[in-house]
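Visitor: Yeah, the sequence shown ends on 231 if you go by the working numbering, and it's all consecutive.
Questions regarding the structure given below will be posed in turn.
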Amino acid sequence: MKQQIINLLQQMGTVEFWETLFHSFRILGPVAPILLAMVESFIPVLPLVAIVTLNVAAHGMVLGFLYSWIGSSLGSTVVFLFWRRLIKPFVLRFAARHPKVTKAREWVNGIKWQALFFIIIMPFTPSSFVNFAIGVSDFDEKKYIRIMVTAKIIMLILLSLFGQSVVQALKNPAFIIVAGLLALVLFLISKYIKHKNNLD
32 MKQQIINLLQ QMGTVEFWET LFHSFRILGP VAPILLAMVE SFIPVLPLVA IVTLNVAAHG
92 MVLGFLYSWI GSSLGSTVVF LFWRRLIKPF VLRFAARHPK VTKAREWVNG IKWQALFFII
152 IMPFTPSSFV NFAIGVSDFD EKKYIRIMVT AKIIMLILLS LFGQSVVQAL KNPAFIIVAG
212 LLALVLFLIS KYIKHKNNLD
């Protein structure tokens with residue numbers, strides 16, 4: 032068993048392993064990458080950056096971005112509507128007995144669309160958290176969906192650029208530096224926006 036794990040890790044360190052994986056993923060067509068991006072909205076622990084990187088590697092920069100955007104937008108919309116239509120009435124009854132929950136809802140209700148837009152753009156903000164917070168608030172439903180879908184365009188373009196850098200790094204190690212710098216920039220932007228909106 033130990034030797035099998037070692038062999039797998041050695042294979043994962045080769046370009047051929049990843050090329051085979053990407054080729055296998057590519058032949059599944061658009062359904063698989065869209066569903067994969069949707070799943071991140073339901074399971075917060077899944078890293079969206081890894082999903083976008085896989086989609087870009089398998090389908091190219093343009094299609095990888097498009098599939099990721101469609102999947103992520105659909106997933107976030109479904110989760111948001113779930114919280115808004117089904118769970119919100121129970122949260123309101125709970126909030127009536129807990130001042131802190133009421134205060135949190137009031138903060139979300141008063142959030143400006145510009146701040147919400149930049150919060151969604153942050154690559155390291157779990158979309159499930161945003162969907163829950165807005166879902167149980169009184170923020171306008173259609174307005175949120177418009178903001179969310181538009182903000183994800185910018186966020187996923189940034190992640191697609193990162194994913195493309197990772198793909199190029201498999202062929203040319205010099206691109207590892209580019210990928211690392213992009214990751215650092217995205218992280219610093221996220222930290223700045225979190226601090227600006229008191230989300231630290």
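Using N, Cα and C, we set each Cβ at its ideal position, and we do this for glycine too.
(1) Is G60 helix, strand or coil by DSSP?
(2) Roughly how many whole angstroms lie between the Cα atoms of F125 and A81?
(3) Is it the case that the Cβ atoms of V110 and F73 are separated by a distance below 8 Å?
(4) So what does DSSP say about M186, is it helix, strand or coil?
(5) Just the Cα atoms here: how many angstroms apart are A146 and L77?
(6) Report the residue from M186, E172, L212 whose alpha carbon sits nearest the alpha carbon of V83.
(7) When the Cβ atoms of the stretch 96-114 are set against those of the stretch 64-72, are three or more pairs found closer than 8 Å?
(8) Drop a sphere of 10 angstroms on the beta-carbon of E137, count the other beta-carbons inside from all chains shown, and report buried for 16 or more, exposed for fewer.
(9) Taking the alpha helix (DSSP H) that T108 belongs to, which residues open and close that run?
(10) Keeping to the same chain, check which residues put their C-beta closer than 6 Å to that of M69; ignore five residues upstream and five downstream.
Guide: Working from what's here:
(1) Here G60 sits in coil by DSSP.
(2) When rounded, the separation of the alpha-carbon atoms in F125 and A81 is 36 Å.
(3) The Cβ atoms of V110 and F73 lie closer than 8 Å to each other.
(4) Shown here, M186 sits in a helix according to DSSP, grouped into three states.
(5) In this structure, the alpha-carbon of A146 lies about 24 Å from that of L77.
(6) Scanning M186, E172, L212 for the CA closest to the CA of V83 turns up M186.
(7) In short, these stretches touch, since the Cβ pair count reaches three.
(8) Its Cβ having fewer than 16 others within 10 Å, E137 is exposed.
(9) If you look at T108, you'll find it in the alpha helix (DSSP H) that goes 79-113.
(10) For M69, where only same-chain residues beyond five positions count, the Cβ hits under 6 Å are G102, L105, G106.
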